[in-house]
Amino acid sequence: MSGQNTVRHAVVPAAGFGTRLRPLTDHLPKEMLPIGRMPVIGHIMEDLAASGIATATIVLSEAKELIRGYCADGSRWGMECRYAVQPAMRGVGDATLRGLSESDRLPVLVAFGDCAVLRQWDTAGPSATERLIDAYRDAKADAAVLCEQAPWESVHRYGVLDPAVDTPEQPTAPFDIRGIVEKPERARAPSRLVVAARWILGCAAIEALRRTEPGSNGEVGVTEAIADVISRGGRVIGVPLGPGERRCDVGNIPSYLAAQVFASLNDPEYGPGLRECASAQ
């Protein structure tokens with residue numbers, strides 16, 4: 006069990022090559038691609054700062070100095086930005102460990118660098134990241150994950166959760182997780198609930214991550230570490246995205262275009278005019 010459940014540090018893995026977005030990423034990191042009026046990484050940093058994160062460590066590859074130049078010291082968001090390097094693509098788990106120093110206090114929030122979590126213009130209340138942090142703290146959990154419903158035909162692309170309850174009391178209510186499977190075939194998927202680009206990892210989860218061996222693809226996965234935590238009796242909770250919230254993934258061209266549309270239509274200044282224009286077509 007995590008001894009201290011205040012989340013003040015985030016790691017942002019941002020070392021991937023973005024090959025599925027070429028030619029857009031031939032000269033620009035995918036994290037710097039604009040969605041709406043801001044780069045993806047800008048949306049992420051803004052969200053983290055608004056959720057109470059004081060320090061973010063961005064894990065880069067050596068070719069991604071543009072991200073360092075944009076984020077700089079983090080003062081534009083009222084937070085501290087630090088940097089670490091992932092020399093080889095060994096997965097989110099490896100990137101997370103590289104983003105932690107011996108002096109960093111746990112828990113840590115892991116925010117995928119190519120996924121912003123945005124909201125519709127009329128969505129009120131705490132953000133998804135704020136609700137994730139609050140749920141982790143209140144449950145005194147070992148780990149927590151933001152999640153969403155995916156179509157059955159897409160579950161093989163994600164880490165899939167096995168919830169301990171069939172139906173949460175409310176659509177956004179946190180729930181306990183009794184298992185997790187990485188990219189299962191549809192027949193083996195325990196549900197349609199999939200990981201949505203945000204983790205919180207406490208001491209037990211980080212210890213499990215350090216024990217996790219690379220898979221056949223050479224990557225160290227967070228999913229395998231979380232399965233280890235659960236098998237040892239640890240508590241892991243899921244927090245669903247709510248109505249009006251969207252995980253905007255820029256991992257490939259179709260998802261990037263969808264993110265652009267969502268961000269543009271929900272822009273606080275220009276969104277109303279764009280929505281009117283779209284409805285007139």
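Numbering (the numbering used here), first residue to last: 6 to 286. Yeah, the Cβ is synthetic: ideal placement off N, Cα and C, and Gly gets one too.
1) Give, in chain order, every unbroken run of the alpha helix (DSSP H) that is at least 4 residues long and sits entirely within the segment 76-122.
2) Can the beta-carbon of Pro176 be found closer than 8 Å to that of Pro248?
3) According to the Cβ coordinates, are Val64 and Arg13 closer than 8 Å?
4) What number of angstroms, rounded off, separates the C-alpha of Tyr261 from the C-alpha of Cys253?
5) Quick one: grab the DSSP three-state call for Leu279.
6) Taking only runs that begin and end inside the segment 143-217, name each unbroken alpha helix (DSSP H) of 4 or more residues, in chain order.
7) Which residues in the same chain have their Cβ closer than 7 Å to the Cβ of Ser56, if we skip the five residues on either side of it in sequence?
8) The alpha helix (DSSP H) that contains Asp254, what's its start and end?
9) Mind checking Gly8: buried by the 16 CB within 10 Å criterion, or exposed?
10) Assign His48 to one of three DSSP states: helix, strand, or coil.
11) Do Val113 and Val241 have their C-beta atoms closer together than 8 Å?
12) State buried or exposed for Tyr141, treating a residue as buried only when at least 16 other CB atoms are found within 10 Å of its CB.
13) Below 8 Å CB to CB, which residues in the same chain sit around Arg216 once its five sequence neighbours on both sides are set aside?
14) Comparing alpha-carbon positions, which option in Ala54, Ala148, Leu26 lies nearest Gly243?
15) So, under 8 Å CB-CB, Arg27 and Ala116 are touching, yes? Tell me the CB distance rounded to an integer number of Å.
16) DSSP three-state call for Ile58: helix, strand or coil?
17) My guess is that Ile49 and Leu111 are in contact by the Cβ rule of under 8 Å, so how many angstroms apart are they, rounded?
18) Spatial neighbours of Leu319 within its chain, please: CB distance less than 8 Å, with the 5 preceding and 5 following residues excluded, ordered by chain position.
19) Rounded to the nearest angstrom, what separates Asp119 and Gly256 at their Cα positions?
20) Near Glu190, which residues of its chain fall below 7 Å by C-beta distance, leaving aside the five closest residues on each side in sequence?
21) Our contact map puts Glu70 next to Asp78 with C-beta atoms below 8 Å; I'd like the distance itself, whole angstroms only.
Reading it off the structure:
1) 96-103
2) yes
3) no
4) 8 Å
5) helix
6) 208-216
7) Ser132, Thr134, Glu135, Ile138
8) It is not in any alpha helix (DSSP H) - Asp254 instead sits in the beta strand (DSSP E) that spans 250-254.
9) Low confidence applies to Gly8: its pLDDT is 46, below 50, so where it sits in the model is not reliable enough to give any reading.
10) helix
11) no
12) buried
13) Ala230, Asp233
14) Ala148
15) Incorrect: roughly 24 Å between the Cβ atoms, too far for contact.
16) coil
17) Between Leu111 and Ile49 the Cβ distance is about 20 Å, and since that is not below 8 Å, they are no contact.
18) With the chain covering 6 to 286 only, the question about residue 319 has no answer from this structure.
19) 7 Å
20) His161
21) Glu70 to Asp78, Cβ: 15 Å. No contact.
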